[in-house]
Amino acid sequence: MATAARKLGARNIASRREYQPYLEAAWGLKNHWYPALFSHELPDRIVKGVTIAGHEIALRRAKGKVYSLADRCAHRGVRMSKKSMCLTDEHLTCWYHGFTYGLEDGVLKTILASPDDAQIGRVKIRTYPTYERNGIIFVFVGDENYRPIPPIEADLPIRIVDDPTGNPVGYLLDDNVFVRGIHRTGNSNWRLAVENGFDPGHVLIHYDNQIVAATGMALILGAEPMDDRAIEIIDQPDGPKGIMNMYNRLESYKPIYRNDLVNIETPGKLQYYVRTSMFVPGVLLVEHWPAANWAQYEFYVPIDDRTHEYWELIVGHCNSDDDRREAEFRYKNFFEPLGLYDFNNRDLFAREAMEDFYRDMDGWSEEQLCKTDAIVVGWRKLAARFNRGIQEPPPGHGG
Ligand code: FES
Ligand SMILES: [Fe+2]
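Numbering (the numbering used here), first residue to last: 1337 to 1735.
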C-alpha cells in the first residue's frame, strides 16, 4: 500500500514537472487578449474600472473609440474610475486634483489647478491595446512594451469548418452573428474554472439540470478516453493553441450513460452531438450548445489569484432581422435562463468548491487524477508551453 502510494506520488511529481509554468500562473497568463466589458456597459462619458490579472484598467469611450489606461492616477494613486470626469474627447481627467492625461498616449497634458506645472509632459500612465467587436471590448494585458501585439484571433477558438452535422457553428468575430451573454465574478482561481469547463468527467454535475429535463437530451454522465485520438491538439502557426475533446470519435471517446454499480442512468434518451475545446489563454468553445447550430463561448478571466470573471456568451448565425428577432426571443427565454444560469451555475459551484483545496491544502500535489483527467493534464501542458508569459503578482502581493 505504502509503495503504491509512493509510486502514485512519484508519477504526480513527474507529470507536474511537465507543466511547471502553469503551476506558477496563479495570477494568469500575460500578453494575451481578454474581454473587459460588454459595449453596452460603457456609454460615452463614463469611466469604468476593471481588474484583469492584477492590472487595474480604466476604460473610456470617446468619439466611438474605446481607450484603456492604467486606473491609478500618477499623482496620489486613486483609481480614476471611482468617479468619471470626462471633459473632452481627447482626455481623461482625474476627479481628485485634475491631473489630465491624453487618451491616446497616457501623457499628462495639464493639471486643472496648475496649468504651468513642471510635471506636465513628463508624467505618464500606461495605455493598453483595446479592440471592440460584436458588443465586446477586449484589452491586451501584460508587459507594457510587448511587441508585436498578436491579432485577437490568436487568442480565440478556431473557426469551425468541418462539422459532423454539416452545419458549423458561428464564429465570434464574424459580421453576421448574434452575440449575447453575461459575465459575473467567480470565487476561484482562473485555472480551476478553465479545468472545469471542458472536463469530460464533470458532466455528472449537470445530470438533473433544467435544460436536460426540458429537452430530454441524453446528456452523458461523462466520457472515457480510449486512445490518443480522443484528444486533438490545435497548434496553428501564429494562431490559436487549443485542445479539443473529439466526442465525435465514438471509438476513441466512450460516452458513459450509466453506471450499474450505483444504478444511475442519464435520464434523457435523445442523442445529441456536442463538442468542447479549450484555447489559450482559457477560452472555451462548446459547439452546438445550448441548442443545435449555436455555440457557447466562455472566458475565465483572472482578476487576482483567487477570483476570476466568468464570461458566458452565446453565438449564432444571424442573417436577417427575422433571424435576429427569433434569436433574441430564444436567448431571453431559453439560452440565458436555462443555459447561462441554471446549467452554468453548477459549474461555478464546482469551481468554487475546489478553491480551498488548491489554495490552502496543496491540491496541485495532492490531487489523485483519473482517466478522464487526461485532457485536463493535456491542457496544463499546452498552457505551460504556449503562453506568452506568466503574470507576476502585482506589487504588494508577494510571490
Ligand atoms: S490623485 Fe489624481 S489628481 Fe490627485
Ligand atoms: Fe459544466
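Positions of the beta carbon are idealized from the N, C-alpha and C atoms, including for glycine. This structure is a prediction, so every number in the text was calculated from the model and none was measured.
One alpha carbon belongs to Y1432, the other to E1691, and they sit about 38 Å apart. Shown here, M1562 sits in coil according to DSSP, grouped into three states, outside any helix or strand. Going by DSSP, A1689 is part of the alpha helix (DSSP H) stretching over N1680 to D1696. When the beta-carbon positions are compared, S1417 and R1381 stay at least 8 Å from each other. In this structure, the CA atom of E1426 is about 12 Å from the CA atom of G1400. Annotation: the continuous beta strand (DSSP E) that includes G1578 extends over K1577 to N1581.
For G1652, the enclosing beta strand (DSSP E) starts and ends at H1644 to H1653. In the displayed model, Y1593 falls within coil according to three-state DSSP, outside both helix and strand. Taken through DSSP and simplified to helix, strand or coil, M1614 comes out as strand. Counting C-beta atoms within 10 angstroms of its own C-beta, E1648 has 16 or more neighbours from the protein chains shown and is therefore classed as buried.
Proximity of the beta carbon of D1683 to ligand 2 is indicated: a heavy atom of the ligand is located closer than 7 Å. Nearest to W1630 by C-alpha distance, out of S1450, P1603 and T1501, is T1501. The DSSP-derived three-state label of M1416 is helix. Leaving aside the five residues that flank P1357 on each side, the residues in its chain whose CB is nearer than 6 Å to its CB run, in chain order, A1720 and I1726. Under the DSSP assignment, P1371 falls in the beta strand (DSSP E) whose first and last residues are H1368 to F1374. Annotation for I1569: I1579 and L1718 place their beta carbon closer than 7 Å to its own, counting only its chain and skipping 5 residues before and after.
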